[in-house]
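My numbering puts the first residue of the sequence shown at 2, with every later residue one more than the last. Built from N, CA and C at the ideal position, the CB exists for glycine as well. Note that the structure is predicted; figures quoted are calculated from it, not measured.
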Amino acid sequence: MGKYSLVFSKSVRKDLRALPSGDVVRILKAFDWLSYNPRGPGCTKLCEQERYRYRVGTYRILYEIQDDLLLITVVKVAHRREAYR
2 MGKYSLVFSK SVRKDLRALP SGDVVRILKA FDWLSYNPRG PGCTKLCEQE
52 RYRYRVGTYR ILYEIQDDLL LITVVKVAHR REAYR
């Protein structure tokens, strides 16, 4: 399986700007890892939705996978207390 491309919603860009720079660096590394392993260890499929979750410290990356296009759409990056609202 090849490397997936990442697409970010506008809200993700806004979310990342609001986070501390150290956390942003860890999240960017996680994006790179997800592009090779979208269903790897630590990735959890959310019930009732076709979305997945990946934990980065106290933050959550919520994303959708389109296997036919090798595309990951990152929907939200948020602190765990706000991620599922």
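Beta carbon of residue i, beta carbon of residue j: below 8 angstroms?
i: I55; j: L72; result: Per the sequence shown, the amino acid found at residue 55 is Tyr instead of Ile. Not closer than 8 angstroms, so no.
i: I28; j: V78; result: yes
i: T59; j: R40; result: no
From what residue to what residue does the beta strand (DSSP E) around residue i run?
i: R56; result: Y53 to V57
i: E65; result: Y60 to Q67
i: L70; result: Where L70 is concerned, there is no enclosing beta strand (DSSP E), given that its DSSP letter is neither H nor E.
Quick check on the DSSP output: the alpha helix (DSSP H) that includes residue i runs from which residue to which?
i: K11; result: K11 to R18
i: R27; result: S22 to Y37
Please check the pair residue i and residue j, which I expect to be a contact at CB under 8 angstroms, by giving their CB distance rounded to whole angstroms.
i: T74; j: Y64; result: 6 angstroms
i: V57; j: A31; result: 5 angstroms
Near residue i, which residues of its chain fall below 7 angstroms by C-beta distance, leaving aside the five closest residues on each side in sequence?
i: L88; result: Residue 88 is absent from the structure shown; the chain starts at 2 and stops at 86.
i: T45; result: Y53 and R54
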